[in-house]
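Under my numbering, the first residue of the sequence shown carries the number 190, and numbering increases by one thereafter. Every residue gets a Cβ at the ideal spot worked out from N, C-alpha and C, and that includes glycine. Encoded as structure tokens, the structure appears first; notes follow it.
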Amino acid sequence: MKNTFSAVLATLLIGHGIACAQDTPQMQLQRIPLSIGIHQIDTQLAVTSEQREIGLMFRKEMPQNEGMLFVFENPTRLCFWMKNTLLPLTAAFIADDGTIVNLENMKPQTTDSHCSTKPVRFVLEMNQGWFAKKGVKPGSKISGRPFSP
């Protein structure tokens, strides 16, 4: 009976996106395609506070054209850090219309703050160097849901 209850409880918690102990990467988030010019990005969405808190923590690798889009309810000056994040990343802080406001390179496993220069609702994290290699700079525009009218 106890094992059955535990199995049902675990199924319910996992089914509602609640992890009992989160020290593994979250790989099952909803995905959407985004693009910057001719460059396509396979994008995981982090929309709940728990998903945003975990972000790309514990990932040992990420394909070159994959990233994670953090979605917040209201524009605010957002700051990110890299505790428990193993990959060097670049964060693109993005305005509602898809315009990149600023880019910040972030070192793995640090608690240094990397902040938007103005209030935003979106942050796209990619492997460090991806934006530079593609010639993407502040002012570049990202298209796809949620930036399309």
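Limits of the unbroken beta strand (DSSP E) element including residue i
i: E239; result: Unbroken run through E239 is the alpha helix (DSSP H), S238 to I243; no beta strand (DSSP E).
i: P252; result: Here P252 belongs to no beta strand (DSSP E), and DSSP marks it neither H nor E.
i: M315; result: V309 to N316
i: L223; result: R220 to I225
i: Q229; result: H228 to A235
Unbroken alpha helix (DSSP H) run spanning residue i, endpoints
i: A321; result: W319 to K322
For residue i, three-class secondary structure by DSSP
i: G287; result: coil
i: K296; result: coil
i: I331; result: coil
i: N273; result: coil
i: V325; result: coil
i: L258; result: strand
i: P264; result: strand
Nearest candidate by alpha-carbon position, reference residue i, set the options
i: I230; options: P327, E314, K326 and G328; result: E314
i: K330; options: T299, H228 and N263; result: H228
i: Q233; options: G244, R220, T274 and G318; result: R220
i: T288; options: P214, K307 and L275; result: K307
i: L339; options: K249, L267 and L258; result: Coverage of the chain is limited to positions 190 through 338, which leaves residue 339 absent and any answer about it impossible.
i: M251; options: K326, Q317 and T299; result: Q317
i: N273; options: P327, L292, M246 and W319; result: M246
Chain D within 8 Å of residue i, Cβ atoms only
i: T288; result: The chain labelled as chain D is not found in the depicted structure, where only one protein chain is given.
Span separating the alpha-carbon of residue i from that of residue j
i: A210; j: V290; result: With a pLDDT of 47 at A210, under the threshold of 50, the modelled position of this residue cannot be trusted, and the question is left open.
i: V357; j: V260; result: Because residue 357 is not part of the residues shown, which for the chain are 190 to 338, the question remains open.
i: G226; j: G256; result: 16 Å
i: D285; j: S332; result: 11 Å
i: L278; j: L218; result: 19 Å
i: V312; j: D212; result: 22 Å
i: P222; j: K322; result: 19 Å
i: E262; j: R241; result: 12 Å
i: M295; j: M271; result: 7 Å
i: S224; j: G324; result: 13 Å
i: F282; j: V309; result: 7 Å
i: T265; j: Q253; result: 29 Å
i: L292; j: P327; result: 7 Å
i: W319; j: P297; result: 16 Å
The segment 330 to 338 touching the segment 292 to 308, judged by at least three CB pairs closer than 8 Å
no
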